[in-house]
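**Student:**
2 protein chains.
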Amino acid sequence: MRDFTKSHEWLSINTATVKKQWSLDKIIDECAKRNIRAISPWRDQVAAVGIDKVAKQLRAHSMQLSGYCRGGFFPAVDAKGIGAAYDDNRRAIDEAKTLNAPCLVLVVGSLPGALQGKALYTDIQLARTQVYDGIQKALEYAVEIGIPLAIEPLHPMQAAERACVNTLEQALDICDALDPQRKGRLGVALDVYHTWWDPKLKQQIQRAGKDRLMAFHVCDWLTPTRDLLNDRGMMGDGVIEIRKIRGWVESAGYCQFSEVEIFSDQDWWDRPGEEVLDTCISRHCSSV
Amino acid sequence: MRDFTKSHEWLSINTATVKKQWSLDKIIDECAKRNIRAISPWRDQVAAVGIDKVAKQLRAHSMQLSGYCRGGFFPAVDAKGIGAAYDDNRRAIDEAKTLNAPCLVLVVGSLPGALQGKALYTDIQLARTQVYDGIQKALEYAVEIGIPLAIEPLHPMQAAERACVNTLEQALDICDALDPQRKGRLGVALDVYHTWWDPKLKQQIQRAGKDRLMAFHVCDWLTPTRDLLNDRGMMGDGVIEIRKIRGWVESAGYCQFSEVEIFSDQDWWDRPGEEVLDTCISRHCSSV
Chain C
0 MRDFTKSHEW LSINTATVKK QWSLDKIIDE CAKRNIRAIS PWRDQVAAVG
50 IDKVAKQLRA HSMQLSGYCR GGFFPAVDAK GIGAAYDDNR RAIDEAKTLN
100 APCLVLVVGS LPGALQGKAL YTDIQLARTQ VYDGIQKALE YAVEIGIPLA
150 IEPLHPMQAA ERACVNTLEQ ALDICDALDP QRKGRLGVAL DVYHTWWDPK
200 LKQQIQRAGK DRLMAFHVCD WLTPTRDLLN DRGMMGDGVI EIRKIRGWVE
250 SAGYCQFSEV EIFSDQDWWD RPGEEVLDTC ISRHCSSV
Chain G
0 MRDFTKSHEW LSINTATVKK QWSLDKIIDE CAKRNIRAIS PWRDQVAAVG
50 IDKVAKQLRA HSMQLSGYCR GGFFPAVDAK GIGAAYDDNR RAIDEAKTLN
100 APCLVLVVGS LPGALQGKAL YTDIQLARTQ VYDGIQKALE YAVEIGIPLA
150 IEPLHPMQAA ERACVNTLEQ ALDICDALDP QRKGRLGVAL DVYHTWWDPK
200 LKQQIQRAGK DRLMAFHVCD WLTPTRDLLN DRGMMGDGVI EIRKIRGWVE
250 SAGYCQFSEV EIFSDQDWWD RPGEEVLDTC ISRHCSSV
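These protein sequences, in sequence, are chains C and G.
So for the first sequence, numbering that gives the first Met the number 0 puts the first residue at 0; every next one is plus one.
So for the second sequence, numbering that gives the first Met the number 0 puts the first residue at 0; every next one is plus one.
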């Protein structure tokens, strides 16, 4: 297992972590200033600055991506909606290619309309079928372009609104069905926040192996957690055994970045961005 | 599958549903007035009225229990804490017997101290081992007294504070290990709120079978859900396919009560108890 205590060379910042403080160009500069070698940006942040400008800035800093956020949201109520989701995923794949991302992270979606407060249907099995079909179709294009897709299982508390893939086992079942030969084009983004509770986590990480483990996200689970979406904790402030899980992930062959992704509208988004990044670095060493 | 549309003979009220409005004796009277044949009371509500008085009142109304809430909370930091949890579970088993409950529901507990805001350890596997050991020991006493134990898998968002048993599969693994011969003394309390998201739910309900399915709890998952504990919805107001799940449960052999359990401090706990009970009855017919 790699020693993270003395260096943050394997730290990546998911740029949502400081999205309330800074625009993406400022985030990139502030990360570069701190010798942070990788980020994972969100599409809206990229669009706000302009993708060509972002690509150029990344190259100037020799900064890598640990992933690109995000594709997915496949389910819809009709063919038009399904088609629109496919088109949007194609664009996301193209953007990931432009930015030289190692993978496009998929938040797969679930019941259409639920995120807006009113589900247009409630058949979660139908949503799961649409997700499967959507990944299958997007994968064809992704393979053509050369961008691996990383399914992110989300915490079951997000099962209605954001993702009907809720365990690592479920995500790996999809991978095995769509990429049985493990060609390195379909895998998972494993976030400790979404999966730490899972009694089968260790077993399924072993099952995933190096081929399927495409990203590793860290933050912490606070007690109490005051909000289902935006109350994530800084590593070390909660109950997740992050280092233990990283040990499992590395035993399975993962040797890439640990990406810090913290949505926190009652705490970290209110602090100066400099403080947040400095804390990410110190906690990466002490608690990841 | 039983037809619930014309009668509420299989409705039970978990008494937490109106705990802010009424004391237990009042709840029992109001349920009896509406021909509700069963309740599932909480220990603190029973203690507040006095268990002998409650037992007598139940007999006077020929009212049954669909379960008794609750035992569990097994993990602790030391032998003294483990012993105290065992003693408390013995008392809960005795009370369940006094009230003629069909089972004692177990909310098994998780990281000691987390519910109070500060986990005293974070090793969830240790908590799971302590839970296994705790159930094993409590089961010996429960068998002696004649009270079945029903493990309730809680939603993964409760994994730190309230229960480290978070899927039906995990609960059934414990049942199979501790009661391999399916003697009817160890099973599960299946709550749609905690389990609706699970991609393996139908499969695991089939696995459970009649012997293991000891209680069936209903309410609904709201979008958005504003609180991790106390924002449950009335059946029909959310996204859970309650009738579909009831179909699976009944196909597996379950033929007892559907117990309404709604914790709702921003809605139903603020309404008159009469309105809540009347709504439970109408929604039991339309949405369960």
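From the three backbone atoms N, C-alpha and C, an ideal C-beta is built for every residue, glycine too.
Report yes if the CB atom of residue 92 of chain C is closer than 8 Å to the CB atom of residue 131 of chain C, and no otherwise.
**Tutor:** As a first step, residue 92 of chain C is located in the first sequence; it is residue number 93 there, counting from the start. As a first step, residue 131 of chain C is located in the first sequence; it is residue number 132 there, counting from the start. No, Cβ-Cβ distance for residue 92 of chain C and residue 131 of chain C is not below 8 Å.
**Student:** Using only the alpha-carbon positions, how far apart do residue 239 of chain G and residue 210 of chain G sit?
**Tutor:** Indexing the second sequence from 1 puts residue 239 of chain G at position 240. Indexing the second sequence from 1 puts residue 210 of chain G at position 211. Approximately 25 Å, taken between the alpha carbons.
**Student:** Shortest alpha-carbon distance to residue 147 of chain G belongs to which of G:88, G:9, G:74?
**Tutor:** Taking the first residue of the second sequence as position 1, residue 147 of chain G is located at position 148. Residue 147 of chain G has its Cα closest to that of G:88, out of G:88, G:9, G:74.
**Student:** Per DSSP, what are the beta-bridge partners of residue 41 of chain G in this structure?
**Tutor:** Position 42 of the second sequence, counted from the start, is the residue given in the question as residue 41 of chain G. DSSP output for residue 41 of chain G lists G:68 as bridge partner(s).
**Student:** Can you have a look at residue 254 of chain C and say buried or exposed, based on whether 16 or more other CB atoms are within 10 angstroms of its CB?
**Tutor:** Locating residue 254 of chain C in the first sequence gives position 255, counting from the first residue. Classification of residue 254 of chain C: exposed, given that the 10 Å Cβ count is below 16.
**Student:** Determine which residues of the region 108-138 of chain G have a Cβ less than 8 Å from any Cβ of chain C, and write them out in chain order.
**Tutor:** 110, 113, 114, 116, 117, 118, 121, 122, 123, 127
**Student:** Which chain A residues sit within Cβ distance under 7 Å of residue 169 of chain G?
**Tutor:** No chain A appears in the structure shown, which is made up of the protein chains C and G.
**Student:** Counting only beta-carbon separations shorter than 8 Å, does residue 154 of chain G have a partner in chain C?
**Tutor:** Position 155 of the second sequence, counted from the first residue, corresponds to residue 154 of chain G. It does: the Cβ of residue 154 of chain G has a partner Cβ on chain C nearer than 8 Å.
**Student:** Counting only Cβ pairs nearer than 7 Å, list the residues of chain C close to residue 238 of chain G.
**Tutor:** Mapped onto the second sequence, residue 238 of chain G falls at position 239. Neighbours of residue 238 of chain G on chain C, chain order: 110, 113, 118, 121, 159.
**Student:** Does the count of Cβ pairs from the region 75-85 of chain C and the region 97-106 of chain C closer than 8 Å reach three?
**Tutor:** no
**Student:** Near residue 53 of chain G, what residues of its chain come up, given a Cβ to Cβ distance below 8 Å and the 5 sequence neighbours on each side ignored?
**Tutor:** Sequence index remark: in the second sequence, residue 53 of chain G carries index 54 (1-based). Spatial neighbours of residue 53 of chain G in its own chain (CB-CB distance under 8 Å, excluding positions within 5 residues in sequence) are listed in chain order as 23, 24, 27, 40, 45, 98.
**Student:** Quick one: residues in its chain with C-beta nearer than 7 Å to the C-beta of residue 262 of chain C, no 5 flanking neighbours on either side, listed in chain order?
**Tutor:** To locate residue 262 of chain C, count along the first sequence from 1; it is residue 263. Result list for residue 262 of chain C: 15, 228, 229, 231, in chain order.
**Student:** Under 7 Å Cβ-Cβ, which residues of chain G neighbour residue 220 of chain C?
**Tutor:** For the purposes of this step, residue 220 of chain C is identified with residue 221 of the first sequence, where counting begins at 1. Those within 7 Å of residue 220 of chain C in chain G are 159.
**Student:** Whole angstroms are fine: how far does the CA of residue 71 of chain C sit from the CA of residue 279 of chain C?
**Tutor:** In the first sequence, the residue the question calls residue 279 of chain C occupies position 280. In the first sequence, the residue the question calls residue 71 of chain C occupies position 72. Spanning the two alpha carbons is a distance of roughly 28 Å.
**Student:** Does the beta-carbon of residue 279 of chain G, which I'm using as the reference point, lie nearer than 7 Å to any heavy atom of the ligand COA?
**Tutor:** You won't find the ligand COA in this model; it holds no ligand whatsoever.
**Student:** Find the residues of chain G that neighbour residue 223 of chain C, judging by a C-beta separation of less than 7 Å, and give them in chain order.
**Tutor:** Your numbering for residue 223 of chain C matches position 224 in the first sequence. In chain order: 116.
**Student:** Under a Cβ-count criterion, where at least 16 other Cβ atoms within 10 Å of its own Cβ denotes burial, should residue 205 of chain C be classed as buried or exposed?
**Tutor:** Residue mapping note: residue 205 of chain C aligns to position 206 of the first sequence, counting from 1. Its Cβ having fewer than 16 others within 10 Å, residue 205 of chain C is exposed.
**Student:** At a CB-CB cut-off below 9 Å, which residues of chain C make contact with residue 227 of chain G?
**Tutor:** Taking the first residue of the second sequence as position 1, residue 227 of chain G is located at position 228. In chain order: 156, 223, 224, 225, 226, 227.
**Student:** Cα-Cα, which of C:287, C:283, C:266 is closest to residue 17 of chain C?
**Tutor:** Start at 1 with the first residue of the first sequence, and residue 17 of chain C comes out as number 18. Among C:287, C:283, C:266, the Cα nearest to that of residue 17 of chain C is on C:266.
**Student:** Note down, in chain order, every chain G residue with its Cβ under 8 Å from the Cβ of residue 165 of chain C.
**Tutor:** Sequence index remark: in the first sequence, residue 165 of chain C carries index 166 (1-based). Within chain G, the residues near residue 165 of chain C are 196, 197, 198.
**Student:** Taking a contact to mean a Cβ-Cβ separation below 8 Å, would you say residue 76 of chain C touches residue 111 of chain C in this structure?
**Tutor:** Looking up residue 76 of chain C in the first sequence gives position 77. Looking up residue 111 of chain C in the first sequence gives position 112. Their beta carbons are under 8 Å apart, which means residue 76 of chain C touches residue 111 of chain C by this criterion.
**Student:** Under 8 Å by Cβ, that's how I've got residue 217 of chain G and residue 191 of chain G pegged, so tell me the actual separation to the nearest angstrom.
**Tutor:** By one-based count along the second sequence, residue 217 of chain G stands at place 218. By one-based count along the second sequence, residue 191 of chain G stands at place 192. Yes, they are in contact, since the Cβ atoms of residue 217 of chain G and residue 191 of chain G sit about 5 Å apart, within 8 Å.
**Student:** Residue 34 of chain G: buried (16+ other C-beta within 10 angstroms of its C-beta) or exposed?
**Tutor:** Position 35 of the second sequence holds residue 34 of chain G. Under this definition residue 34 of chain G is an exposed residue.
**Student:** Just how far apart, CA to CA, sit residue 291 of chain G and residue 69 of chain G?
**Tutor:** What the structure shows of chain G is the stretch from 0 to 287, and residue 291 of chain G is not part of that stretch, so it cannot be assessed.
**Student:** Can you name the start and end residues of the alpha helix (DSSP H) that residue 232 of chain G belongs to?
**Tutor:** Residue mapping note: residue 232 of chain G aligns to position 233 of the second sequence, counting from 1. No alpha helix (DSSP H) contains residue 232 of chain G, which DSSP labels as neither H nor E.
**Student:** Go through its chain and collect everything with a Cβ distance to residue 203 of chain C's Cβ below 7 Å, but skip five positions before and after it.
**Tutor:** Taking the first sequence and counting its residues from 1, one reaches residue 203 of chain C at position 204. Taken in chain order, the residues that qualify are 167, 168, 171.
**Student:** Around the Cβ of residue 4 of chain G, are there at least 16 other Cβ atoms within 10 angstroms (buried) or fewer (exposed)?
**Tutor:** The residue you call residue 4 of chain G lines up with position 5 of the second sequence. Exposed, because fewer than 16 other Cβ atoms sit within 10 Å of the Cβ of residue 4 of chain G.
**Student:** Please tell me whether residue 136 of chain C and residue 67 of chain C are closer than 8 Å, where the distance is taken between their beta carbons.
**Tutor:** Residue numbering aside, residue 136 of chain C sits at position 137 when the first sequence is read from its first letter. Residue numbering aside, residue 67 of chain C sits at position 68 when the first sequence is read from its first letter. Contact: no.
**Student:** Note down, one range per segment and in chain order, each alpha helix (DSSP H) of at least 4 residues found wholly within the region 113-172 of chain C.
**Tutor:** 123-144
**Student:** Hey, which unbroken runs of the beta strand (DSSP E) at 3 residues or more fall wholly within the region 52-107 of chain G?
**Tutor:** 67-71, 103-106
**Student:** Return the residue from the list C:9, C:125, C:271, C:283 that minimises the CA-CA distance to residue 29 of chain C.
**Tutor:** Along the first sequence, one-based indexing puts residue 29 of chain C at 30. Among C:9, C:125, C:271, C:283, the Cα nearest to that of residue 29 of chain C belongs to C:271.
**Student:** Since residue 235 of chain G and residue 286 of chain G are thought to touch, with beta carbons under 8 Å apart, how far apart are those beta carbons, to the nearest angstrom?
**Tutor:** Working through the second sequence from its first residue, we reach residue 235 of chain G at position 236. Working through the second sequence from its first residue, we reach residue 286 of chain G at position 287. Correct: roughly 3 Å between the Cβ atoms.
**Student:** Which whole-angstrom value describes the C-beta separation of residue 290 of chain C and residue 158 of chain C, a residue pair presumed to lie in contact below a C-beta threshold of 8 Å?
**Tutor:** Nothing can be reported for residue 290 of chain C, as the shown portion of chain C is limited to 0 through 287.
**Student:** Might you give, ordered along the chain, the residues of its own chain that have their beta carbon closer than 7 Å to the beta carbon of residue 120 of chain C, omitting 5 neighbours on each side?
**Tutor:** The count along the first sequence starts at 1 and reaches residue 120 of chain C at position 121. For residue 120 of chain C, where only same-chain residues beyond five positions count, the Cβ hits under 7 Å are 76, 110, 111.
**Student:** Would a C-beta distance cut-off of 8 Å place residue 64 of chain C and residue 100 of chain C closer than the cut-off?
**Tutor:** As a first step, residue 64 of chain C is located in the first sequence; it is residue number 65 there, counting from the start. As a first step, residue 100 of chain C is located in the first sequence; it is residue number 101 there, counting from the start. The answer is yes: Cβ separation under 8 Å.
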